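A.B. asks: The listed protein sequences derive, respectively, from chains R and E. Okay, so the first sequence: first residue is 123 according to this note's numbering, each after it adds one. Okay, so the second sequence: first residue is 6 according to this note's numbering, each after it adds one. Quick one: the structure is below, and I'll ask about it shortly.
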Amino acid sequence: MSKRVAITGNEAVAQAMRQINPDVVAAYPITPQTEIVQIFSTFVADGNVDTEFVTVESEHSAMSATIGASAAGARAMTATSSQGLALMWEMLYIAAGLRLPIVAPVVNRALSAPINIHCDHSDTMGARDSGWVQIYSENAQEAYDNLIQAVRIAEHADVQIPAMVCMDGFIVSHGMENAELLDDHVVRSFVGQRTPRHSLLDVDNPATFGALDFADWYFEHRRQLADAQTYVKGVVLDVAKEFAKISGRNYGLFESYRLDDAELAVVVLNSAAGTAKAVVDDLRQQGMKAGLLKIRLFRPFPHDEIVAALAGKKAIAVLDRADGLSTMGGPVFVDVRSAMYDAPGPKMVNYIYGLGGRDVDTEQIAGVYWDLARIAETGKVTSPVTYLGVRE
Amino acid sequence: MAQMLEIRWHGRGGQGAKTAAILLGEAASSVGKYIQAFPEYGPERMGAPVLAFNRISDEPVRVHCHVSNPRIVVVLDPTLIGKNDVTSGVPEDGIYLVNTNLTPAEMRAKLKVKGGKVYTVDATQISIDTIGRAIPNTPMMGALLRATGLMSLEEFVADTRHKLEMKFRSKPEVIGGNIKAIERAYQEVQSE
Numbered sequence: 123m124s125k126r127v128a129i130t131g132n133e134a135v136a137q138a139m140r141q142i143n144p145d146v147v148a149a150y151p152i153t154p155q156t157e158i159v160q161i162f163s164t165f166v167a168d169g170n171v172d173t174e175f176v177t178v179e180s181e182h183s184a185m186s187a188t189i190g191a192s193a194a195g196a197r198a199m200t201a202t203s204s205q206g207l208a209l210m211w212e213m214l215y216i217a218a219g220l221r222l223p224i225v226a227p228v229v230n231r232a233l234s235a236p237i238n239i240h241c242d243h244s245d246t247m248g249a250r251d252s253g254w255v256q257i258y259s260e261n262a263q264e265a266y267d268n269l270i271q272a273v274r275i276a277e278h279a280d281v282q283i284p285a286m287v288c289m290d291g292f293i294v295s296h297g298m299e300n301a302e303l304l305d306d307h308v309v310r311s312f313v314g315q316r317t318p319r320h321s322l323l324d325v326d327n328p329a330t331f332g333a334l335d336f337a338d339w340y341f342e343h344r345r346q347l348a349d350a351q352t353y354v355k356g357v358v359l360d361v362a363k364e365f366a367k368i369s370g371r372n373y374g375l376f377e378s379y380r381l382d383d384a385e386l387a388v389v390v391l392n393s394a395a396g397t398a399k400a401v402v403d404d405l406r407q408q409g410m411k412a413g414l415l416k417i418r419l420f421r422p423f424p425h426d427e428i429v430a431a432l433a434g435k436k437a438i439a440v441l442d443r444a445d446g447l448s449t450m451g452g453p454v455f456v457d458v459r460s461a462m463y464d465a466p467g468p469k470m471v472n473y474i475y476g477l478g479g480r481d482v483d484t485e486q487i488a489g490v491y492w493d494l495a496r497i498a499e500t501g502k503v504t505s506p507v508t509y510l511g512v513r514e
Numbered sequence: 006m007a008q009m010l011e012i013r014w015h016g017r018g019g020q021g022a023k024t025a026a027i028l029l030g031e032a033a034s035s036v037g038k039y040i041q042a043f044p045e046y047g048p049e050r051m052g053a054p055v056l057a058f059n060r061i062s063d064e065p066v067r068v069h070c071h072v073s074n075p076r077i078v079v080v081l082d083p084t085l086i087g088k089n090d091v092t093s094g095v096p097e098d099g100i101y102l103v104n105t106n107l108t109p110a111e112m113r114a115k116l117k118v119k120g121g122k123v124y125t126v127d128a129t130q131i132s133i134d135t136i137g138r139a140i141p142n143t144p145m146m147g148a149l150l151r152a153t154g155l156m157s158l159e160e161f162v163a164d165t166r167h168k169l170e171m172k173f174r175s176k177p178e179v180i181g182g183n184i185k186a187i188e189r190a191y192q193e194v195q196s197e
């Protein structure tokens, strides 16, 4: 029987890791992720898990040790935030290129400079082309559920790609809210054991990992990685179906909230989606046909499904909690608008919001919908990219 | 949507505003409410003004923004009044609960509010008497229950005792002192 508890996002994720009981965890502390590893290390010390816990001197080493463990056949995890993820950079690509199904919670935090410990998505958005699966979570419940599902997604025979599960720093990681945790044995049987196709420790079937791969084969191996990405969507949906059976909670590639008959849509991910749902309800009561699309699977990008869900809308605003600094909007906007290029075209605008933990409230999000209403009525976009809630 | 209760805690670093919000959230959750409890994370220094927040509702809490219009304001340190705007965003019928040895009428004059309700309790003295040091957060929760009827004292004490027992296994005297502080403040809180 699952029970509803009051829990922070970090605590919920640490509990999920305890229940997953990975073979190896190598991690380095960084705010706001520190608690996850700190709590998990108490599980190790108390003998609640069988995990080999590797303390390392940096995030680069954390990812390196995780890669080594995963190549050896272990179920390996790490966790990080912000500068920590940035320091893992070259190893992220290696984890994906070696097709190692590592799973890592990432607590979203701004990147320096200026130094800032609070939430935005610059860290994981920067890793969006690394080859990792990226799953975003609105609240503690979703972070917990997504982490458990990520193990099955990453390790699936058709996928074999590392996955990061993202949640908003402080807002979700440190905020206490309600979540339902599953029983330990339910999670353990759901995630099962990892059965690697190749591993360093399988001496009867020796394999080489990380071999030199010049112009003769590199391209083909990268092409295989791209091909594997196309299987992720289906696996995500299959795993979600199975997860619904043990939890009663349903997940898709994204969540559509009052979107079907909506004329005005906002696209957003992570915790601001909850705030936006309250706004949608409020505006619906006022007669506005408002709807929301919350992206869950951002990498690989479920473009066909998102286009189908947004087709026919009059105006769409994409909210980005990271700035691409390209002067043409944030990363989510660029992807959504590119995907929509061949669809009968709604007007699309972008809002960069919440950088460095700047609060985004219901009033601001309602303002976005009113902007959309004006755009739908006039057919004119005066400002394709707007910075929401910044002092100009 | 059913009405969601929003609470803002004002304190100084070290007085336990965050802990109070978390204990209250856990206790409300234990009786079936949906909750949020979170502090405002700034530079954390002993003595610096800090804020913490609760949302308590019969339905799942979805919003993830700051609490701007709290119906209830709890002030752990009366020296903050006048320096920080503890009345900011509070609706006309807001409830103020202040840790002070002043009467509610005297405190109302200091707060410069007309409507709503003002409650006072000398939580600092209660904590010195019962816990042995000035840590006003737990007695303020007892006073808050009395002022708001959020949940019964018995339910709250049962949940909080359990939490304290887990945290202070090696210091049982802390548990008894805190429970006594909660019960005494529940009795001693003054209304207008």
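Glycine residues also receive a C-beta, built at the ideal position from the N, C-alpha and C atoms. Source: prediction; values computed, not measured.
Between Val361/R and the rest of its own chain, which residues show a CB-CB distance below 7 angstroms, the 5 nearest in sequence each way excluded?
C.D. replies: Within the first sequence, numbered from 1, the residue matching residue 361/R stands at position 239. Around Val361/R: Gln271, Arg274, Ile275.
A.B. asks: For Lys502/R and Thr508/R, what's the separation of their Cα atoms in angstroms?
C.D. replies: As a position in the first sequence, residue 502/R is number 380, starting the count at 1. As a position in the first sequence, residue 508/R is number 386, starting the count at 1. So the two alpha carbons sit approximately 15 angstroms from each other.
A.B. asks: Please report the distance separating the alpha-carbon of Phe336/R from that of Met289/R.
C.D. replies: Residue 336/R sits at position 214 when you count from the first residue of the first sequence. Residue 289/R sits at position 167 when you count from the first residue of the first sequence. The alpha-carbon atoms of Phe336/R and Met289/R are separated by roughly 37 angstroms.
A.B. asks: Can you tell me which of the three DSSP states Lys119/E falls into?
C.D. replies: As a first step, residue 119/E is located in the second sequence; it is residue number 114 there, counting from the start. If DSSP states are grouped into helix, strand and coil, Lys119/E belongs with coil.
A.B. asks: Strictly below 7 angstroms CB to CB, what residues from chain R border Ala25/E?
C.D. replies: What you label residue 25/E is simply residue 20 of the second sequence in a count that begins at 1. Neighbours of Ala25/E on chain R: none; closest Cβ ~12 angstroms, over 7 angstroms.
A.B. asks: For Gly297/R versus His15/E, is the C-beta spacing smaller than 9 angstroms?
C.D. replies: Taking the first residue of the first sequence as position 1, residue 297/R is located at position 175. Taking the first residue of the second sequence as position 1, residue 15/E is located at position 10. No, these two residues do not count as a Cβ contact at 9 angstroms.
A.B. asks: Identify, in the order they occur along the chain, each residue of the same chain with its Cβ nearer than 8 angstroms to the Cβ of Val354/R, setting aside the five sequence neighbours on each side.
C.D. replies: Looking up residue 354/R in the first sequence gives position 232. So the list reads Val255, Ile275, Val281, Ile283, Leu419, Pro422, once near-sequence residues are dropped.
A.B. asks: Pull up the distance between the alpha-carbon of Gln407/R and that of Ser378/R, whole angstroms please.
C.D. replies: What you label residue 407/R is simply residue 285 of the first sequence in a count that begins at 1. What you label residue 378/R is simply residue 256 of the first sequence in a count that begins at 1. Cα to Cα, Gln407/R sits roughly 18 angstroms from Ser378/R.
A.B. asks: Do three or more CB pairs link the stretch 131 to 147 of chain R to the stretch 193 to 208 of chain R at distances below 8 angstroms?
C.D. replies: A contact exists between the stretch 131 to 147 of chain R and the stretch 193 to 208 of chain R.
A.B. asks: Enumerate in chain order the residues of its own chain whose CB-to-CB distance from Met6/E is below 7 angstroms, with the five nearest sequence positions on each side excluded.
C.D. replies: Reading the second sequence from its first residue, position 1 is the one you call residue 6/E. Only weak support is given to the placement of Met6/E: the predicted model assigns it a pLDDT of 40, under 50, and the question is left unresolved by the model.
A.B. asks: Around the Cβ of His307/R, are there at least 16 other Cβ atoms within 10 angstroms (buried) or fewer (exposed)?
C.D. replies: One-based indexing of the first sequence puts residue 307/R at position 185. With fewer than 16 Cβ atoms within 10 Å of its Cβ, His307/R is classed as exposed.
A.B. asks: Any beta-carbon of chain E closer than 9 angstroms to the one on Ala394/R?
C.D. replies: Position 272 of the first sequence, counting from 1, holds the residue named residue 394/R. Yes, its Cβ sits closer than 9 angstroms to a Cβ of chain E.
A.B. asks: Can you find a CB in chain E that lies within less than 9 angstroms of the CB of Gly297/R?
C.D. replies: Here the question's residue 297/R lines up with position 175 in the first sequence. Yes, Gly297/R lies at the interface with chain E (some Cβ there is under 9 angstroms from its Cβ).
A.B. asks: Suppose only complete runs of 4+ residues qualify. What are the alpha helix (DSSP H) ranges in the stretch 473 to 514 of chain R, listed by chain order?
C.D. replies: Taking only runs of at least 4 residues, the alpha helix (DSSP H) segments lying wholly in the stretch 473 to 514 of chain R are 484 to 500.
A.B. asks: Can you grab the Cα-Cα spacing for the pair Asp164/E / Val171/R, in whole Å?
C.D. replies: Position 159 of the second sequence, counted from the start, is the residue given in the question as residue 164/E. Position 49 of the first sequence, counted from the start, is the residue given in the question as residue 171/R. When rounded, the distance between both Cα atoms is 28 angstroms.
A.B. asks: Give the interface partners of Ile293/R over in chain E, defined as CB-CB distance under 9 angstroms, in chain order.
C.D. replies: As a working mapping, residue 293/R is identified with position 171 in the first sequence. Result: Phe43, His69, Cys70.
A.B. asks: Can you pull the chain R residues whose beta carbon is under 8 angstroms from the beta carbon of Ile40/E, in chain order?
C.D. replies: Walking along the second sequence from the start, residue 40/E turns up at place 35. Those within 8 angstroms of Ile40/E in chain R are Ala128, Met298, Glu299, Asn300.
A.B. asks: So, Ala384/R versus Ala412/R, is the Cβ gap smaller than 9 angstroms?
C.D. replies: Walking along the first sequence from the start, residue 384/R turns up at place 262. Walking along the first sequence from the start, residue 412/R turns up at place 290. Contact flag set, yes.
A.B. asks: State buried or exposed for Ser448/R, treating a residue as buried only when at least 16 other CB atoms are found within 10 Å of its CB.
C.D. replies: Within the first sequence, residue 448/R is the residue found at index 326, counting from 1. By the neighbour-count rule (16 or more Cβ atoms within 10 Å), Ser448/R is not buried but exposed.
A.B. asks: Can you tell which of Ile152/R, Pro151/R, Ser163/R has its C-alpha closest to the C-alpha of Ala136/R?
C.D. replies: As a first step, residue 136/R is located in the first sequence; it is residue number 14 there, counting from the start. When only C-alpha atoms are compared, the closest one is Ser163/R.
A.B. asks: Mind listing the chain E neighbours of Thr397/R? Cutoff is C-beta to C-beta under 8 angstroms, in chain order.
C.D. replies: As a working note, residue 397/R is residue 275 in the first sequence. Within 8 angstroms Cβ-Cβ: Arg67, Val68, His69, Cys70.
A.B. asks: Return the CA-CA distance between Glu206/E and Glu170/E, expressed in angstroms with no decimal places.
C.D. replies: This structure gives no information on residue 206/E, because the portion of chain E shown stretches from 6 to 197.
A.B. asks: Check for me: the beta strand (DSSP E) holding Ile77/E runs from which residue to which?
C.D. replies: To locate residue 77/E, count along the second sequence from 1; it is residue 72. From DSSP, the beta strand (DSSP E) with Ile77/E extends over 77 to 80.
A.B. asks: Could you say which of Leu56/E, Gly47/E, Ile180/E lies nearest to Lys23/E if we only look at CA atoms?
C.D. replies: As a working note, residue 23/E is residue 18 in the second sequence. That would be Leu56/E, whose Cα lies nearest to the Cα of Lys23/E.
A.B. asks: Ser34/E versus chain R: which residues are under 8 angstroms apart at the beta carbon?
C.D. replies: As a first step, residue 34/E is located in the second sequence; it is residue number 29 there, counting from the start. Correct list: Arg126, Val127, Ala128, Asn300.
A.B. asks: Quick one: using the 10 Å Cβ neighbour count with 16 as the cut-off for buried, is Tyr373/R buried or exposed?
C.D. replies: Counting from one through the first sequence, the residue named residue 373/R turns up at place 251. It is buried - the Cβ of Tyr373/R has at least 16 other Cβ atoms within 10 Å.
A.B. asks: Tell whether a beta-carbon distance below 9 angstroms holds between Ile474/R and Ala444/R.
C.D. replies: Numbered from its first residue, the first sequence carries residue 474/R at position 352. Numbered from its first residue, the first sequence carries residue 444/R at position 322. Contact flag set, yes.
A.B. asks: Could you check the C-alpha separation between Thr153/R and Asn132/R for me, to the nearest Å?
C.D. replies: What you label residue 153/R is simply residue 31 of the first sequence in a count that begins at 1. What you label residue 132/R is simply residue 10 of the first sequence in a count that begins at 1. Distance between the alpha carbons of Thr153/R and Asn132/R is about 11 angstroms.
A.B. asks: Once the 5 residues before and after Lys117/E are set aside, which same chain residues still bring their CB inside 8 angstroms of it?
C.D. replies: Walking along the second sequence from the start, residue 117/E turns up at place 112. Here the set comprises Thr92.
A.B. asks: By the 7 angstroms beta-carbon criterion, what residues does the stretch 467 to 489 of chain R contribute toward chain E?
C.D. replies: Those residues of the stretch 467 to 489 of chain R that come within reach of chain E (Cβ to Cβ, closer than 7 angstroms) are Asp481, Val482, Asp483, Thr484.
A.B. asks: Return the residue from the list Ile224/R, Leu220/R, Ile216/R, Val178/R that minimises the CA-CA distance to Met139/R.
C.D. replies: Translated into positions along the first sequence, residue 139/R becomes position 17. Among Ile224/R, Leu220/R, Ile216/R, Val178/R, the Cα nearest to that of Met139/R belongs to Ile224/R.
A.B. asks: Give me the residue from Met51/E, Leu149/E, Val36/E with the minimum Cα distance to Ile187/E.
C.D. replies: As a working note, residue 187/E is residue 182 in the second sequence. The candidate whose alpha carbon is nearest that of Ile187/E is Leu149/E.
A.B. asks: Look up Glu302/R in the DSSP assignment and say whether it is helix, strand or coil.
C.D. replies: In the first sequence, counting from the first residue as 1, residue 302/R sits at position 180. Reduced to three states, the DSSP call for Glu302/R is strand.
A.B. asks: In the stretch 395 to 428 of chain R, which residues sit with their C-beta less than 8 angstroms from some C-beta in chain E, listed in chain order?
C.D. replies: Hits within the stretch, in order: Gly396, Thr397, Lys399, Ala400, Asp403.
A.B. asks: If you compare alpha carbons, which of Asp168/R, Ser369/R, Val127/R, Ala249/R is closest to Gly30/E?
C.D. replies: On the second sequence, position 25 is the one that residue 30/E refers to. The shortest Cα separation from Gly30/E among Asp168/R, Ser369/R, Val127/R, Ala249/R belongs to Val127/R.
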